[in-house]
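Please read the structure below before turning to the comments.
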Amino acid sequence: MRRWILIILALALAAAGCGQKPDEVVEEGSKTVDSWKKTLEMVCGQWVEYRVPTLYVKQMLKAAEEVLGKKLRDLEKLGRNEEAQRVMRKIHRLRYWIESHQKELGEADAAKRREILNAIPSDAEGP
Amino acid sequence: MKKYFEVALGIVTSRGGFLEVGSMATAAQAGAGFGYQLLWPILLGTICLIFLMEMAGRMAAICHHPLPSAVRERFGFNYFVIPLVAQSAVDFLVLSSEVGGMSLGLQLLSGIGFQWWAVPSAILVWLLLWKGNFSWIEYGVSFLGLLTVVFVVAAVKMKPEWVAGARGLVPSLPRHDKIHYWFLAVSILGATISPFLFNFYSSGAVEDEWDEKDLGVNRATAGFGMGFGGLISMAVLVAAAAVLHPKGMEVEKFEQIALVVSTPLGRWGYWIVAAGIFIACLGAALELSLDAAYVYSQCFGWAWGENKSARDATRFSSIYSLFILVSPILLLIGVDPMKLTMFSMALTVVILPFVVLPFLVLMNDPQHVKEHRNGRIGNTVMFLVIVMAAVLAVVAIPLEIFGGK
Numbered sequence: 179m180r181r182w183i184l185i186i187l188a189l190a191l192a193a194a195g196c197g198q199k200p201d202e203v204v205e206e207g208s209k210t211v212d213s214w215k216k217t218l219e220m221v222c223g224q225w226v227e228y229r230v231p232t233l234y235v236k237q238m239l240k241a242a243e244e245v246l247g248k249k250l251r252d253l254e255k256l257g258r259n260e261e262a263q264r265v266m267r268k269i270h271r272l273r274y275w276i277e278s279h280q281k282e283l284g285e286a287d288a289a290k291r292r293e294i295l296n297a298i299p300s301d302a303e304g305p
Numbered sequence: 231m232k233k234y235f236e237v238a239l240g241i242v243t244s245r246g247g248f249l250e251v252g253s254m255a256t257a258a259q260a261g262a263g264f265g266y267q268l269l270w271p272i273l274l275g276t277i278c279l280i281f282l283m284e285m286a287g288r289m290a291a292i293c294h295h296p297l298p299s300a301v302r303e304r305f306g307f308n309y310f311v312i313p314l315v316a317q318s319a320v321d322f323l324v325l326s327s328e329v330g331g332m333s334l335g336l337q338l339l340s341g342i343g344f345q346w347w348a349v350p351s352a353i354l355v356w357l358l359l360w361k362g363n364f365s366w367i368e369y370g371v372s373f374l375g376l377l378t379v380v381f382v383v384a385a386v387k388m389k390p391e392w393v394a395g396a397r398g399l400v401p402s403l404p405r406h407d408k409i410h411y412w413f414l415a416v417s418i419l420g421a422t423i424s425p426f427l428f429n430f431y432s433s434g435a436v437e438d439e440w441d442e443k444d445l446g447v448n449r450a451t452a453g454f455g456m457g458f459g460g461l462i463s464m465a466v467l468v469a470a471a472a473v474l475h476p477k478g479m480e481v482e483k484f485e486q487i488a489l490v491v492s493t494p495l496g497r498w499g500y501w502i503v504a505a506g507i508f509i510a511c512l513g514a515a516l517e518l519s520l521d522a523a524y525v526y527s528q529c530f531g532w533a534w535g536e537n538k539s540a541r542d543a544t545r546f547s548s549i550y551s552l553f554i555l556v557s558p559i560l561l562l563i564g565v566d567p568m569k570l571t572m573f574s575m576a577l578t579v580v581i582l583p584f585v586v587l588p589f590l591v592l593m594n595d596p597q598h599v600k601e602h603r604n605g606r607i608g609n610t611v612m613f614l615v616i617v618m619a620a621v622l623a624v625v626a627i628p629l630e631i632f633g634g635k
């Protein structure tokens, strides 16, 4: 019995010590930001066509902000890793878009909705 | 005619606990991440569950003992403590996830954050159990839960790739993210073969006073009811595979699940799926709370039954009240409902061998099931479930650590 407890403890310690490699953190961050950009494009696309209510768009923006904020903190821990910096810039651009438009959603008419959708940053933008 | 009606009711109600926050979250993540490739764990889990539910119902009808009570009687208290403790922990986590699912459904409907809904959702579960009776809860919530059929409509409307879907029913190796793939496969099996389902089902059969005459109804209910639940779970995966996977979108937040319905069905689809998520999770939360109370009461020999008043079954009512009382705590301290759900589903697999192994013995014991013992096919399926559950129990925690997102 004691041997099993020791094995389980050793496995748990090994698992706790095995943090993600920097490459994996960057790859995951990159996937997440791309996935959320597409999610927001899809949600806003449906919102422009009045296929989803504004309250849903607000929730999705909030959810995206939360997830992206967490990824940003993970990437910041990698220091001056060039790839990490590139992904962080993408996250910053998307978060900036979220922050800029979050409060305008309630009163947006059809034209404003389209303007908000078109303002979602493309991958090519920025430094 | 009455028999057909009973079977129809049984199908609708037994589907009630099947589709809940865990099956929706795991199926949506699987569809978004791996397309149709992970349909096979849903099929495998559903087949196993059909057999286990039929056996649980058969045992209840023949010996008038639900599963926990029969295990306690046959193996004694010292053995029963192990599954009791393990199941209490899993019931608490899964119940918290279901309250989280209800809260997220209300968030989708109202726009108010899910944390604000955690306590009102728990109070609603408690009130329904305290004031309602078994049939009222079973039929009312299950009929409203039919709203989740909207996932089937969405899946069909998205014109999925049927050939790829059919290929997904056969197990295959992942082409990328191997650990996450296996983590999802284990979580789907955990979400599908939930021990609370067959405990609840057998206790319900005793409450409904089933006997040998009901064996046909039991077989039809287990087969079609679980098959129906499995079909809706598959529809969630297929819709996610058709809507999210082609664009490379992952499901990291529960709110994203509404997209798989709003994309093909628009605004009305959004409102129905939001209400459906709330009702499906409410149904599962009711069943889980009752399951916890059934297991404790049957273990300690207390008076039990949802048809009894709180005064007549004080300790039974106290147990579900206690579980419901603590269920919103994890959500209130900021645990993400999606992460909580995925963790709970993987953990469910860990307790499976403790529940299914004694079940195999009981289903071959003439003292319990008389001449209605398991045949060769039933025993083979149970043996395979035990082997699979043992393997999954060993790999579930490492996969949770390395493959959970």
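Those sequence lines, one after another, are chains A and B.
Here our numbering is used: the first residue of the first sequence is 179, the next is one more, and so on.
Here our numbering is used: the first residue of the second sequence is 231, the next is one more, and so on.
Positions of the beta carbon are idealized from the N, C-alpha and C atoms, including for glycine.
Just so we're clear, the structure is a prediction, and the values are computed from it rather than from any experiment.
CB contact below 8 Å: residue i versus chain B
{"i": "Ala241(A)", "result": "yes"}
{"i": "Gln224(A)", "result": "yes"}
{"i": "Tyr234(A)", "result": "yes"}
{"i": "Leu199(A)", "result": "In the sequence under discussion, the amino acid at residue 199(A) is Lys, which differs from the Leu named in the question. Not closer than 8 Å to any Cβ of chain B, the Cβ of Lys199(A) fails to qualify, so no."}
{"i": "Lys209(A)", "result": "yes"}
{"i": "Arg273(A)", "result": "no"}
{"i": "Ala302(A)", "result": "Any reading at Ala302(A) needs caution, since the residue's pLDDT is 47, under 50, leaving its predicted position unreliable; the model's value is listed next. No, Ala302(A) lies away from the interface with chain B (no Cβ there is under 8 Å from its Cβ)."}
{"i": "Leu191(A)", "result": "For Leu191(A), the pLDDT reaches just 46, beneath the cut-off of 50, and the residue's location in the model is therefore unreliable, although a value from the coordinates is still provided. False, the Cβ-Cβ gap to chain B never drops below 8 Å."}
{"i": "Leu187(A)", "result": "Residue confidence is low: Leu187(A) scores 48 on pLDDT, short of 50, so the model does not pin down where it sits. No coordinate-derived value is stated."}
{"i": "Pro299(A)", "result": "no"}
Buried/exposed call for residue i, threshold 16 Cβ in 10 Å
{"i": "Asp321(B)", "result": "buried"}
{"i": "Gly257(A)", "result": "exposed"}
{"i": "Gly564(B)", "result": "exposed"}
{"i": "Trp225(A)", "result": "buried"}
{"i": "Lys600(B)", "result": "exposed"}
{"i": "Ala288(A)", "result": "exposed"}
{"i": "Glu284(B)", "result": "buried"}
{"i": "Ala543(B)", "result": "buried"}
{"i": "Arg288(B)", "result": "buried"}
{"i": "Ala435(B)", "result": "buried"}
{"i": "Ile367(B)", "result": "buried"}
{"i": "Ala297(A)", "result": "exposed"}
Under 8 Å by beta carbon: chain B residues contacting residue i
{"i": "Lys281(A)", "result": "Within chain B, no residue comes near Lys281(A); the closest Cβ sits about 14 Å away, beyond 8 Å."}
{"i": "Val369(A)", "result": "This structure leaves residue 369(A) out entirely; chain A is present only between 179 and 305."}
{"i": "Val245(A)", "result": "Glu482 and Lys483"}
CB of residue i within 8 Å of CB of residue j, strictly
{"i": "Val579(B)", "j": "Ala522(B)", "result": "no"}
{"i": "Val329(B)", "j": "Ala515(B)", "result": "yes"}
{"i": "Gln280(A)", "j": "Leu239(A)", "result": "yes"}
{"i": "Ala352(B)", "j": "Ser557(B)", "result": "yes"}
{"i": "Ala421(B)", "j": "Gly265(B)", "result": "no"}
{"i": "Gly252(B)", "j": "Ser318(B)", "result": "no"}
{"i": "Leu274(B)", "j": "Phe428(B)", "result": "no"}
{"i": "Val481(B)", "j": "Ala258(B)", "result": "yes"}
{"i": "Phe310(B)", "j": "Val324(B)", "result": "no"}
{"i": "Val221(A)", "j": "Leu279(B)", "result": "no"}
{"i": "Leu359(B)", "j": "Glu517(B)", "result": "no"}
{"i": "Ser539(B)", "j": "Val355(B)", "result": "no"}
{"i": "Leu249(B)", "j": "Ser463(B)", "result": "yes"}
{"i": "Leu339(B)", "j": "Phe508(B)", "result": "yes"}
{"i": "Lys312(A)", "j": "Glu282(A)", "result": "Because residue 312(A) is not part of the residues shown, which for chain A are 179 to 305, the question remains open."}
{"i": "Glu468(B)", "j": "Gly531(B)", "result": "Residue identity check: residue 468(B) is Val in the sequence provided, not Glu. Not in contact: Val468(B) and Gly531(B) (Cβ atoms no closer than 8 Å)."}
{"i": "Gly223(A)", "j": "Leu253(A)", "result": "no"}
{"i": "Arg603(B)", "j": "Pro596(B)", "result": "yes"}
{"i": "Ile554(B)", "j": "Ala316(B)", "result": "no"}
{"i": "Gly261(B)", "j": "Thr378(B)", "result": "no"}
{"i": "Leu614(B)", "j": "Ala576(B)", "result": "no"}
Interface residues of chain A facing residue i [CB-CB closer than 7 Å]
{"i": "Gln337(B)", "result": "Gln237"}
Under 7 Å from the C-beta of residue i: neighbouring residues of chain B
{"i": "Val230(A)", "result": "Ser492, Arg497 and Tyr500"}
{"i": "Ser213(A)", "result": "Gly478, Met479 and Glu480"}
Below-8 Å beta-carbon distance, residue i vs any chain A residue
{"i": "Gly478(B)", "result": "yes"}
Under 8 Å from the C-beta of residue i: neighbouring residues of chain A
{"i": "Gln486(B)", "result": "Thr217, Met238 and Ala241"}
Residues that residue i contacts on chain A, provided the C-beta gap is smaller than 9 Å
{"i": "Gly341(B)", "result": "Pro231, Thr232, Leu233, Tyr234, Lys236 and Gln237"}
Ranges of the alpha helix (DSSP H) found wholly within the stretch 541 to 580 of chain B, counting only runs of at least 4: 544 to 556 and 559 to 562
Runs of alpha helix (DSSP H) wholly within the stretch 460 to 544 of chain B (minimum 4 residues, chain order): 489 to 530
Ordered list of alpha helix (DSSP H) runs contained in the stretch 374 to 437 of chain B, each at least 4 residues: 380 to 387, 392 to 398, 408 to 422 and 425 to 437
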